[in-house]
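Protein chains in written order, with the working numbering: chain A, 7 to 90; chain B, 712 to 1326.
Only one structure is covered here, and it is reproduced in the block below.
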Amino acid sequence: MRITFKLFAQLQDYLPAEARKTNACIVEIADATSVAQVIERFTLPPRLVHLVLLDGTFVPPAERDARILRDGETLAIWPPVAGG
Amino acid sequence: MGWARKILRVDLSKGSCKSEPLNMEWAQQYLGQRGLATKYFVEEVDPKVDPLSAANKMIMATGPLTGTMASTGGRYSIITKGPLTGAIACSNSGGYFGAELKMAGWDMIIFEGKSPKPVYLSIENDKAELKDAAHLWGKTTWDTEEIIKKTHQDPQVRVSSIGRAGENGVLYACVVNDLHRAAGRSGVGTVMGSKNLKAVAVRGTLGVSGIKDFKGFMAATVAAKKVLADHPVTGQGLPKYGTQVLMNVINEMGALPTRNAREVQFEGARDISGEAMHEKRPTDGKANLITNNACFGCTIACGRISQVDKGHFSVVNSPKYWGASGGLEYENAWSLGAANGVNDLDALTVANFICNEDGMDPITFGATVGAVMELFTMGVLTKEQLGVESPFGSAQALIDFAHMTAEGRGFGKELGLGSKRLTEKYGHPELSMTVKGQEFPAYDPRGIQGIGLGYATSNRGACHLRGYTVASEVFGIPVKTDPHATEGKADLLKAFQDATGAFDSSGTCVFTTFAWTLADLQTQVDTACEGGWSMEKLAELGERIWNMERLFNNAAGFTAKDDDLPKRLKTEAAASGPTKGLVSGVEKMMPEYYKARGWDAKGVPTKETLARLGL
């Protein structure tokens, strides 16, 4: 099954080079893959994994191991950011 | 003591400049900058005053930490009654002007009356005088600053000025200092223009003396700077990507008001994002972003310096825009971009340059263009009226409108009224995305409920900087809350609003609050200022300021019905993304907010609340 995987700000360096122009790539994952497993697969530094949105909705740290991804979902991750 | 203990009172009608001692009793209750200047303002000005009459006053005020070693200690604010809203106006700016004013030995300048001819105020330490500005009238802020520096033969003179927008009566004109920092909102520049005051030029070489506990203050500022440096947001995120890092975040959440808030997600968001500013353009191989930039004493450096492609349609015949200048902040990229459906990064950058050059609030300008584009799409306004085809997404229309508005040409005169007056004139007031006449910024209240309550209750009209609950609702600062929930948002907003009042009165930047708590500010204020500034005293300060501003607005004629959002946000559900189907719950939250504030059902502070705050 496939998900859209997005990384932003300092994390975009962890995307394949061709995907950085859009901050997004399509990722093939096995059934029952969790949010945390995708984060681990891309070797994202834990200190930079802050804002995790699944289809735009925040996934708290405590739920990332248990939250199983579904086909077609979009997982987007930012390091600690703010502004205004 | 932090304070210079001296204010400059300028009577523009008489042409006089007089020094007065600072009211230290009030300084103990209101600290400085926003709080203390508002206290002076409400004591001296009738709330019913016509904002553009000689009877209105305008105060430029520093805080006790302005000009000191405190990180971000370069802030100053302009307090007046705003012509866009008719409410209290308080606009805050960074750069170097505020620190220079303080180092010239002044806590604040009170302008009253109206000059019979264009003048500018020249300050050199103790010496202050009004000078003829006939040769500056009609000039942009950029030209005004350059001419004054040449005239004074001093490149270190700091200048705050209005551009042509402030002269032409654009109701959201701002006051620009250091070329691209601005006291931006509510039309403070329009008030300045109405007084025939073109600029204030300051040179200060006295420094800031009289810190209460110098060793303690140095230790406190060093510790506070370490907090900023060690925090991933203020130490890394903001310096590299600036506030523009939010564009993709807010779009992904379905909370990016798009095409005059008809939608909540913009398909071109990534094209105008902080990430895009770092990338090389295909046209000339250069990136939009040149470098980041810091205001006086700031150890964050979130500012953007940008340069556009010299071959871009908007500048190909205008070399003055070819150089590096103040780049896009998130709010401006939204208002000039997503709010109008324009995804041309260089066009937005140039529109932003024009707003800096001629002193216009880009939030209100951009949002007003969004309303005009909707009226054009509906067929209410035509190309013949507007001077240009103006569908959503037209970068050409955006650039043309920016020039026309700044210069007071053609339909630009109507754009200069802001969206409330303009949409009323053309029979569609429902298309104005405003609260108390001021356009709301870059967060859709259908997707981020707390900030919607913040827009509805902001004392200066819709604004994100009076109580930035987005920090909690999106980023988890200080704790993560659900952006879609209305429960608990009244108390959350009150806490943000009160804390912001303290920071806005200190001389430091509110962006420090992504890392600092009130405790980090308290150690700096308490070591700089006499009077025993405890946490409780600072927290109460913010609440006192909020209620003081509220009392002024109530006396000016505002009522509970003005604490509301545009109908669109309450009745037209978000159409896409995770917010699909949601509307703002502002009406549910408002009674809870009034209760949290200690106000009655009509939004009036109770006697008990006023007594508790010493008002």
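Even for Gly, the Cβ is constructed at its ideal location relative to N, Cα and C.
Within 8 angstroms, strictly: CB atoms of residue i and residue j
i	j	result
B/Tyr1166	A/Gly90	no
B/Gln1233	B/Leu1249	yes
B/Gln1208	B/Thr796	no
B/Ile1016	B/Thr1002	yes
B/Thr783	B/Ile1011	yes
B/Val881	B/Gly1163	no
A/His56	A/Pro22	no
B/Ala844	B/Pro866	no
B/Ile873	B/Lys909	yes
B/Tyr1032	B/Phe1064	yes
B/Leu1276	B/Val1146	yes
B/Ala1049	B/Ser1025	no
A/Glu34	A/Asp61	no
B/Pro732	B/Gly1218	no
Straight-line Cα distance separating residue j from residue i
i	j	result
B/Ala1322	B/Ala715	30 angstroms
B/Phe1112	B/Glu1118	10 angstroms
B/Pro943	B/Lys906	45 angstroms
B/Thr1192	B/Gly1296	16 angstroms
B/Tyr883	A/Ala68	46 angstroms
B/Lys806	B/Leu1039	A small fix is needed here, since residue 806 of chain B is Gly in this sequence, not Lys. Taking the straight line joining both Cα atoms gives about 16 angstroms.
A/Phe48	A/Leu13	10 angstroms
A/Val44	B/Gly713	52 angstroms
B/Leu1252	B/Thr1075	30 angstroms
B/Gly743	B/Gly979	42 angstroms
B/Glu1260	B/Arg970	32 angstroms
B/Asn836	B/Met958	43 angstroms
B/Lys1313	B/Asp1202	18 angstroms
B/Trp848	B/Lys860	16 angstroms
A/Ala82	B/Val956	14 angstroms
B/Lys926	B/Gly816	22 angstroms
B/Val1061	B/Lys1124	20 angstroms
B/Lys813	B/Phe752	19 angstroms
B/Ala798	B/Leu763	13 angstroms
B/Lys792	B/Leu917	32 angstroms
A/Ser40	A/Tyr20	19 angstroms
A/Asn29	A/Asp71	24 angstroms
B/Ser920	B/Met929	13 angstroms
Candidates the options, of which the one nearest residue i by Cα
i	options	result
B/Pro827	B/Glu1241, B/Ala815, B/Ser724 and B/Gly806	B/Ser724
B/Ala748	B/Ile821, B/Ala1267 and B/Val919	B/Ile821
B/Ala1397	B/Glu1254, B/Gly1212, B/Asp722 and B/Phe1087	The displayed coordinates of chain B run from 712 to 1326. Any statement about residue 1397 of chain B would go beyond what the structure contains.
B/Ser897	B/Gly877, B/Asn888 and B/Val753	B/Gly877
B/Lys1205	B/Ser1036, B/Met1301 and B/Asn734	B/Met1301
B/Thr862	B/Val887, B/Tyr831, B/Glu1198 and B/Thr1168	B/Tyr831
B/Ile1256	B/Thr1088, B/Glu736, B/Gln740 and B/Glu1095	B/Gln740
B/Lys729	B/Ala1226, B/Phe1103, B/Met819 and B/Asn1043	B/Met819
B/Asn1051	B/Gly1090, B/Ile1110 and B/Gly746	B/Ile1110
B/Glu736	B/Lys1291, B/Ser1287, B/Cys1240 and B/Trp1310	B/Cys1240
B/Gly1158	B/Gly965, B/Thr1317, B/Val886 and B/Val1027	B/Gly965
B/Glu986	A/Leu54, A/Gln16, A/Arg8 and A/Met7	A/Gln16
Per DSSP, the bridge partner or partners of residue i
i	result
B/Asp843	B/Val830
B/Phe822	B/Val721 and B/Met769
B/Cys728	B/Val721
B/Arg892	B/Asn888
A/Arg76	For A/Arg76, which the question treats as bridged, DSSP gives no partner whatsoever.
B/Cys1009	According to DSSP, B/Cys1009 bridges with nothing at all.
B/Trp1310	B/Pro1316
Test: residue i CB closer than 8 angstroms to a CB of chain A
i	result
B/Gln947	yes
B/Glu986	yes
B/Leu1092	no
B/Thr954	yes
B/Lys951	yes
B/Arg1177	no
B/Leu812	no
B/Ala1182	yes
B/Val960	yes
B/Val1146	no
B/Phe1151	no
B/Met1300	no
Chain B within 8 angstroms of residue i, Cβ atoms only
i	result
A/Gly78	no
A/Phe11	no
A/Ala88	yes
A/Leu59	yes
A/Ala82	yes
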